[in-house]
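Engineer:
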Ligand SMILES: NC(=O)c1ccc[n+]([C@@H]2O[C@H](COP(=O)([O-])OP(=O)(O)OC[C@H]3O[C@@H](n4cnc5c(N)ncnc54)[C@H](OP(=O)(O)O)[C@@H]3O)[C@@H](O)[C@H]2O)c1
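Residue numbers (the working numbering): 551 to 831.
(1) Does DSSP put residue 729 in a helix, a strand or coil?
(2) Please state whether DSSP places residue 637 in a helix, a strand or coil.
(3) Tell me which same chain residues have a C-beta within less than 6 Å of the C-beta of residue 726, skipping the five on either side of it?
(4) What is the residue span of the alpha helix (DSSP H) that residue 816 lies within?
(5) Is the number of C-beta pairs between the region 793-810 and the region 580-589 that are closer than 8 Å three or more?
(6) Under a Cβ-count criterion, where at least 16 other Cβ atoms within 10 Å of its own Cβ denotes burial, should residue 655 be classed as buried or exposed?
(7) According to DSSP, which residues form a beta bridge with residue 763?
(8) Using CA atoms only, rank isn't needed, just tell me which of 661, 734, 742, 749 is closest to residue 808.
(9) Between the region 652-667 and the region 754-772, do at least 3 Cβ pairs fall closer than 8 Å?
(10) With residue 716 and residue 689 assumed to form a contact (beta carbons below 8 Å), what rounded beta-carbon distance in angstroms separates them?
(11) Do you know whose CA, among 667, 572, 772, 620, lies nearest residue 611's CA?
(12) Can you tell me the Cβ-Cβ gap for residue 830 and residue 766, rounded? I've got them flagged as a contact below 8 Å.
(13) Answer with buried or exposed for residue 695, where buried requires no fewer than 16 other C-beta atoms within 10 angstroms of its C-beta.
(14) CB residue 636 to CB residue 686, shorter than 7 Å?
(15) Taking 8 Å as the limit between beta carbons, can you name the residues of its chain near residue 706, skipping five residues before and five after?
(16) Answer yes or no: the CB of residue 686 versus the heavy atoms of ligand 1, is any distance below 6 Å?
(17) Exposed or buried, residue 722, counting other C-beta atoms within 10 Å across all chains shown (16 or more means buried)?
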């Protein structure tokens, strides 16, 4: 086990949900944190709460899709803490709707946040980890990175691509002592569904013949609330990925996520198709 104490860790998407829970957990473990998101007020409040003295938690309000914002994250981390030990790529959101009806601009925007920004931030951080001969990159993927669902496949494809990038990076950085880990959360109660509905509002309003299926899809989400995990279920896995002496390449949680991944592995595609098919409402 490695201690978190004194490690300098960047967490993106820390203003709510999984990122916020991760920041809380890592702060408790004694890490020096750089928390990143667009909502400056939320970040500042979290930083004050976690570190009233303002020495161990640095809030950087930035949009990860913005080149200058990403550079500011890395520059301010180095200025404040002098080094980077880990990057937790967590910022992300979902786009809903039938592929036929989602404007390509919205699809590009989702890839820009969930994939390209993560890649570029990794490109900025990796040289520091590589030259110091140690460090960890933890990417928050999803069970949706293995199981694509109708009406959600824009988001799901961003997470499928993230799986490939993460696997490639793991092999590229291993010779330099840098570990790369993928976390696959299942359904977790956060602001994710609200953010996805907001990002997809125009698509869902003009879903045409798909409208009854989109309504069914949204109703299904509420139906599964009882099964949902808590953000800290995933924060615990991030902590494990950062502290294990030899982290696993991938972690999944909570239990339903492991079960879904197992079913994806053993069931024929036609059966999976039937299980995820949206119903009319
Ligand atoms: N909840 C789930 O069921 C679930 C399941 C599997 C995977 N995940 C993944 O978990 C990660 C965290 O999601 P969550 O569930 O915690 O949702 P959430 O509560 O909506 O949190 C998303 C975070 O990402 C930040 N963010 C989004 N776009 C950003 C941008 N352009 N620049 C900077 N920050 C940005 C948001 O902050 P601002 O709005 O303040 O910028 C927020 O802090 C995502 O990658 C998501 O795909 C979630």
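Glycine is no exception: its CB is placed at the ideal position from the N, C-alpha and C atoms.
Structural biologist: Reading from the atomic positions:
(1) In the chain shown, counting from the first residue as 1, residue 729 sits at position 179. Correct three-state label for residue 729: strand.
(2) If you number the chain shown from 1, residue 637 lands on position 87. In this structure, residue 637 counts as strand in the three-state DSSP scheme.
(3) Reading the chain shown from its first residue, position 176 is the one you call residue 726. Excluding sequence neighbours, residue 726 sits near 680.
(4) The count along the chain shown starts at 1 and reaches residue 816 at position 266. First-last of the alpha helix (DSSP H) with residue 816: 805-816.
(5) no
(6) Indexing the chain shown from 1 puts residue 655 at position 105. With fewer than 16 other Cβ atoms within 10 Å, it is exposed.
(7) In the chain shown, the residue the question calls residue 763 occupies position 213. According to DSSP, residue 763 bridges with nothing at all.
(8) By one-based count along the chain shown, residue 808 stands at place 258. Comparing Cα positions, the closest option is 734.
(9) no
(10) Position 166 of the chain shown holds residue 716. Position 139 of the chain shown holds residue 689. The pair is a contact, with the Cβ atoms about 5 Å apart (cut-off 8 Å).
(11) Locating residue 611 in the chain shown gives position 61, where the first residue counts as 1. Of the listed residues, the one whose Cα sits closest to residue 611 is 620.
(12) By 1-based counting over the chain shown, the position of residue 830 is 280. By 1-based counting over the chain shown, the position of residue 766 is 216. Confirmed, Cβ separation roughly 6 Å.
(13) Locating residue 695 in the chain shown gives position 145, counting from the first residue. With 16 or more Cβ atoms within 10 Å of its Cβ, residue 695 is classed as buried.
(14) Counted from its first residue, the chain shown places residue 636 at position 86. Counted from its first residue, the chain shown places residue 686 at position 136. Yes, they are a contact pair.
(15) Here residue 706 corresponds to residue number 156 of the chain shown, with the count starting at 1. Cβ neighbours of residue 706 beyond the five flanking positions: 692, 694, 695, 697, 698, 699.
(16) Sequence index remark: in the chain shown, residue 686 carries index 136 (1-based). Answer for residue 686: no, Cβ out of range of ligand 1.
(17) Locating residue 722 in the chain shown gives position 172, where the first residue counts as 1. Under this definition residue 722 is an exposed residue.
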